[in-house]
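Novice: Attaching a single structure in structure tokens format; questions to follow.
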Amino acid sequence: MNLLQFLEPLLTRKSDEETVILQNWRENIFSIIMAIGSLAGFVLIAVAIGDQIQRKNMFLLALYVVAFLWIVSISFIRKLPYNLRVGSVVVTFYALGFLSILDTGITGDGRIWLLLASVIAAIFIGGRIGLITAVFSFAAWLFIGISFYQEWLPFPYEHMVEMTSNTFKPWFNTGITIFAANLVIISSTAALINNLSITLQKSRKLTNELEENASRLQEQTKTLSRRSQTLEISAKIIQNISSILDTEQIYFQAAKLLQEEYDLLHVSILLIDQTGTAVSLKASSGEGGQVIPALDYQFPLGKGLLNWVISNSQARAVLREEDTAPPLKMRLINSRSHAVLPLKTREKILGVLVLQSLEPNAFDSNTMTTLQILTNQIAIQLSNVQLYAERENALNAERRAYRDLSHSEWKDFLKARSQIGYKRDKNGLTPLESIANNGADSSTPNIQNIPIRVRGQVIGHIEARKTSASKWSPIEKELLETLAGRLESTLDTARLYEETQQQAAYDRTRSKVSSSIRESLDLQTILKTATQELRSALELAEVEIRLGAEDQT
């Protein structure tokens, strides 16, 4: 370790905040110490004045008086700049020490003043100034010593003789100086130690607060991590059940995924029956043994926890040791905490979700909030599946009704036709007036009989026969089936168009007949016109219109 490394703490600059705090402390302590030193200085100056008068050294006498008055002034006049006050004290003590050594040599009070100047500079200005002052004090001490040794300066023999004589005066004078110096040093050191103690207490307090904040932050981090994991698991479960359209599978998958992903002891899903007085077990996953009954088993609600959750439409988490909570009939022996959440949609409550865990306090408020959101999504999915099933049933019923109606219409349509098909062979195109197949055997390899269907109802057939006895290839069969499929929609469209045209013709005829009849108000004319229009419109052989009441016998 070199000198620069040793002096680095003294030479290193502090931060602005530390500098301000230290400067305020120095100013307050300096004012207090100078006030105490001024009071002690009265005794010291009185002794010094008497001693210098006896020795007839007016220069030192004047210096002591000026120095004392200056120290008293800066002690009580705080408007002066701080650096001026401290610097002048250091310079004053240094000057007193230097001149005292010149006057009394090695046996006087000069070394005390030099030491005091270095201490004051180090404490109230800084380590660097204190070190510089110490160097100057040491240099002054050596310089005066060399000057005495080389006889550059007159050696104070008189004082040396006085110090070696058996008298109490030198002891008293030096004692007063030592006491004043000790008073300043002790006051400064005590203030420094007190400030250090306060700083340590603040540091300890800040350390404790930091540890508490770190612990709180760690706990919050764990909570956020647990909540993030809970949300991730919930999103995974919702994604898995969102594509399921079977209620039984939703029950099974929801219970299974909840139990596995949250590492729970047991999960149960129960639905409210139509009476609202009992719940039925629809899904169960986890360790149950003989405690959890079979599926579709009904629990009467009574006054237990299930009834409380359903009645209040509010989730409830319970510790095993909590005696004030309503009882849970299906609670497992080794369950240390459990929770019941309502399966609710906007309209109603479908049932409850029962969760049991081996861990105490497994269901905190954040977890319960996330679980309730998940439970609501399960309930919404169940409601959507029920609505989907109802709509599918209604649509199927509508399709069946429309198919039956279409079949009846086709049946009536075919009955009204004289020609129900065509046959194309080597003799050309021939109309068919019968549905008989002329004894053709469709099981013959060279014959294919393809049904023509409209909305699942068979309305006819395509019978195709090869000239040779060869079998039909798969491509040829597929072509016939494709043709039959095309005929299905085309024939139905043609039938609907023909019926629409007929209905339009009937409407026109009815309108024409009605208009002709309304052209006259004469009874005979109306009857004649109606008879003629009906025969003409319907192409009838004979039409009679008679007025009169029937005979009553």
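Numbering-wise (this note's numbering), the sequence shown opens with residue 1082 and increments by one.
Every residue, glycine too, gets a C-beta built ideally from N, C-alpha and C.
Model, not experiment: these values are computed from the prediction.
1. Please determine, among 1115, 1448, 1387, the residue with the shortest C-alpha to C-alpha distance to residue 1305.
2. Exposed or buried, what is residue 1344 when buried is set at 16 or more other beta-carbons lying within 10 Å of its beta-carbon?
3. When you compare the CB positions of residue 1202 and residue 1185, do they come within less than 8 Å of one another, or not?
4. Got a sec? Which residues, its chain only, sit under 7 Å from residue 1035 by beta carbon, not counting five neighbours each side?
5. At the 8 Å Cβ level, is residue 1115 part of the contact set with chain C, yes or no?
6. Would you check if the region 1465-1473 and the region 1377-1387 touch, i.e. whether three or more CB-CB distances between them fall below 8 Å?
7. For residue 1352, name the three-state secondary structure that DSSP assigns.
8. With which residues is residue 1623 paired in a DSSP beta bridge?
9. Sort 1357, 1354, 1356, 1350 by Cα distance to residue 1366 and report the nearest one.
10. With DSSP as the reference, please indicate the residues paired to residue 1503 in a beta bridge.
11. Which same chain residues, not among the five before or five after residue 1363, have their C-beta less than 6 Å away from its C-beta?
12. Would you report the Cα separation of residue 1130 and residue 1286, rounded to the nearest angstrom?
13. Using DSSP with H/G/I as helix, E/B as strand and the rest coil, what is residue 1437?
14. Find the nearest neighbour of residue 1560 within the set 1571, 1576, 1301, 1543, judged by alpha-carbon distance.
15. Ignoring anything shorter than 4 residues or poking outside the region 1267-1351, list the alpha helix (DSSP H) runs there in chain order.
16. Hey, residue 1204 and residue 1273 are a contact pair by Cβ (cut 8 Å); roughly how many whole angstroms apart?
17. In the DSSP assignment, what are the bridge partners of residue 1399?
18. Sort 1114, 1302, 1607, 1618 by Cα distance to residue 1627 and report the nearest one.
19. From residue 1456 to residue 1339, what distance separates their C-alpha atoms?
20. Ordered along the chain, which non-local residues of its own chain (more than five positions away) have a Cβ less than 8 Å from that of residue 1418?
21. Which residues share a DSSP beta bridge with residue 1362?
22. Measure the Cβ-Cβ separation of residue 1452 and residue 1421 and say whether it is below 8 Å.
23. Between the alpha carbons of residue 1625 and residue 1612, how many angstroms are there, rounded?
24. How many whole angstroms separate the CB atoms of residue 1111 and residue 1147, which I take to be in contact at a CB cut-off of 8 Å?
25. Under a Cβ-count criterion, where at least 16 other Cβ atoms within 10 Å of its own Cβ denotes burial, should residue 1115 be classed as buried or exposed?
26. For residue 1620 and residue 1590, what's the separation of their Cα atoms in angstroms?
27. In whole angstroms, what is the alpha-carbon distance linking residue 1623 and residue 1588?
28. Using CA coordinates, which residue listed in 1550, 1200, 1596, 1228 is at the minimum distance from residue 1172?
29. Judging by CA-CA distance, which residue of 1104, 1179, 1396, 1296 is the nearest neighbour of residue 1195?
30. So what's residue 1559 in DSSP terms, helix, strand or just coil?
31. Where residue 1335 and residue 1318 are concerned, what is the direct C-alpha to C-alpha distance, given to the nearest angstrom?
32. Per DSSP, which residues does residue 1531 bridge with? Please list them.
33. Less than 8 Å between the C-beta atoms of residue 1459 and residue 1322, yes or no?
34. Does the distance from the CB of residue 1326 to the CB of residue 1503 come in under 8 Å?
35. Could you compute how far the alpha carbon of residue 1435 sits from the alpha carbon of residue 1348?
36. Roughly how far, in whole angstroms, is the beta-carbon of residue 1530 from the beta-carbon of residue 1549, given that I think they are within contact range, below 8 Å?
Specialist: Concretely, from the data shown:
1. 1448
2. exposed
3. no
4. Any property of residue 1035 remains undetermined from this structure, which presents the chain solely from 1082 to 1634.
5. Note that chain C does not occur in the displayed structure, where there is just one protein chain.
6. Counting Cβ pairs under 8 Å, fewer than three are found: no touch.
7. Residue state for residue 1352 is assigned as strand, using DSSP reduced to three classes.
8. Looking at the DSSP assignment, residue 1623 forms no beta bridge with any residue, so it has no partner.
9. 1350
10. Bridge partners of residue 1503 according to DSSP: 1512.
11. Around residue 1363: 1332, 1350, 1352.
12. Between residue 1130 and residue 1286, the C-alpha separation is close to 52 Å.
13. Residue 1437 carries a strand assignment under DSSP once its states are collapsed to helix, strand and coil.
14. 1543
15. 1328-1342
16. 7 Å
17. 1419
18. 1607
19. Going from the Cα of residue 1456 to the Cα of residue 1339 covers about 10 Å.
20. 1398, 1399, 1400, 1401, 1437, 1438, 1440, 1441, 1442, 1443, 1444
21. 1351
22. no
23. 7 Å
24. Not a contact, Cβ separation roughly 20 Å.
25. The residue in question, residue 1115, is buried, as its Cβ has 16 or more Cβ neighbours within 10 Å.
26. 12 Å
27. 22 Å
28. Selection 1550, 1200, 1596, 1228 evaluated against residue 1172 yields 1200 as nearest (Cα-Cα).
29. When 1104, 1179, 1396, 1296 are compared, the shortest CA-CA separation from residue 1195 is found for 1179.
30. helix
31. 7 Å
32. 1543
33. yes
34. Result no, Cβ atoms of residue 1326 and residue 1503 do not sit closer than 8 Å.
35. Taking the straight line from one Cα to the other gives about 6 Å.
36. Not really, about 18 Å apart at Cβ, beyond 8 Å.
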